[in-house]
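Just so it is clear: in the sequence shown, position 67 is 83 by our numbering, and no numbers are missing.
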Amino acid sequence: MTSSDTTHPDPGHLARLPLGVDIGGTGMKAAPVDLGAGDFAAERVRERTPQPATPQAVADALARVVSTFPVSDAPVGVTMPGIVRHGVVGSAANIDAAWVGTDADALFTRTLGRAVHVVNDADAAGLAEATYGAARGRSGLVLVTTLGTGIGSALVHDGQLVPNSELGHLELDGHVAEHRAANSAREREELTMAAWAERLTRFYRHLERLFSPDLFVVGGGVSKKADEFLPLLEISTEIVPATLRNKAGIVGAALEADRAAHR
17 MTSSDTTHPD
27 PGHLARLPLG
37 VDIGGTGMKA
47 APVDLGAGDF
57 AAERVRERTP
67 QPATPQAVAD
77 ALARVVSTFP
87 VSDAPVGVTM
97 PGIVRHGVVG
107 SAANIDAAWV
117 GTDADALFTR
127 TLGRAVHVVN
137 DADAAGLAEA
147 TYGAARGRSG
157 LVLVTTLGTG
167 IGSALVHDGQ
177 LVPNSELGHL
187 ELDGHVAEHR
197 AANSAREREE
207 LTMAAWAERL
217 TRFYRHLERL
227 FSPDLFVVGG
237 GVSKKADEFL
247 PLLEISTEIV
257 PATLRNKAGI
267 VGAALEADRA
277 AHR
């Protein structure tokens, strides 16, 4: 069942705006995005991700979500929880394995009858933070990490996204980094913030050695508690909490779709 938070204002205006859709393992959320403001132009519409989340079932659910907004030929940006190369899904985290090798750009474009550009979910959030959020106006290399069940990452250099970094899969202390340093590890092992910060320090130091970034931005739900652990990190690079929070995926997807439409 599709649900909306409120009615949509000014259908003519909304029809001219790109649409962002954030697809997760349990739900999908969509909203038209005002790229000037970097914010929603109407409230999000939500629908549960179908189970099993096969390509055609997700495409059909996407069509239902998009149909709740005014008819438009503006581009649609869609996040996927997996690697995306030139519109083709390369991994399947929390979605059906049938997605691997699927040309999601082509499938969604055919289903919706309008241009669709698919992007990794962490990349979309990172691009939004670099353009409108905590890293707005910052030049050089911004490295955005999301600390949740795993560790998502996005590299943005001078406002341009470098996709599919997957830095949570780096090795840390003989383990996959996200298995040791994600927020889920903190909760699973009942780590204090100080103990977790020691692991995060090693992770971010490793990223410093590899990339020499100008800024780290930390997202994920735990970023609301940033003042409890970020000051404990012993690293050289400036590190700040994300600001767009749960809007970042939708905003970033719409922005990347608009950029793709004008390339």
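Idealized CB from N, CA, C, for every residue including glycine.
Asked, Found
"Contained beta strand (DSSP E) runs [length at least 3] in the segment 125 to 180, N- to C-terminal order", "132 to 136, 157 to 163, 167 to 173, 176 to 178"
"Distance between E187 and T22 (C-alpha atoms, nearest Å)", "In this predicted model, T22 has a pLDDT of only 44, less than 50, meaning its place in the structure is not dependable enough to derive any value."
"Own chain partners of P86 with C-beta closer than 6 Å, once the 5 adjacent residues on each side are dropped", "P27, L30, A31"
"Bounding residues of the alpha helix (DSSP H) (the contiguous stretch that carries G52)", "Careful: G52 lies outside any alpha helix (DSSP H) and carries neither H nor E."
"Contact under 8 Å by Cβ, R275 with I251", "no"
"Coarse secondary structure for T95, derived from DSSP in three states", "strand"
"CB of V81 within 8 Å of CB of V61, strictly", "yes"
"Neighbourhood of G166 by C-beta, 7 Å cutoff - its chain only, sequence neighbours within 5 removed", "G184, E194, A198"
"The segment 147 to 156 touching the segment 171 to 179, judged by at least three CB pairs closer than 8 Å", "yes"
"Beta-bridge partners of D112, as assigned by DSSP", "Per DSSP, none; premise fails for D112."
"Distance between beta carbons of R154 and L231, contact taken as under 8 Å", "6 Å"
"Exposure of H133, with buried meaning 16 or more beta-carbon neighbours within 10 Å", "buried"
"Beta-carbon proximity list for A257, same chain, < 6 Å, skipping 5 on both sides", "Position check: residue 257 holds Pro in this sequence, whereas Ala was assumed. Counting only Cβ-Cβ distances below 6 Å, and skipping sequence neighbours, we find V234, S239, A242."
"Counterpart residues of H191 in DSSP-defined beta bridges", "L188"
"C-beta contact flag for A340 and V49 at 8 Å", "Residue 340 lies beyond the stretch modelled for the chain, which goes from 17 to 279, so this question has no answer here."
"Element boundaries [beta strand (DSSP E), containing E63]", "61 to 64"
"P247 classed as buried or exposed, judged by whether at least 16 other C-beta atoms fall within 10 angstroms", "exposed"
"Residues near M209 by beta carbon distance below 6 Å, same chain, minus five either side", "E244, F245"
"Cβ-based burial, D189 [other Cβ within 10 Å; buried from 16]", "exposed"
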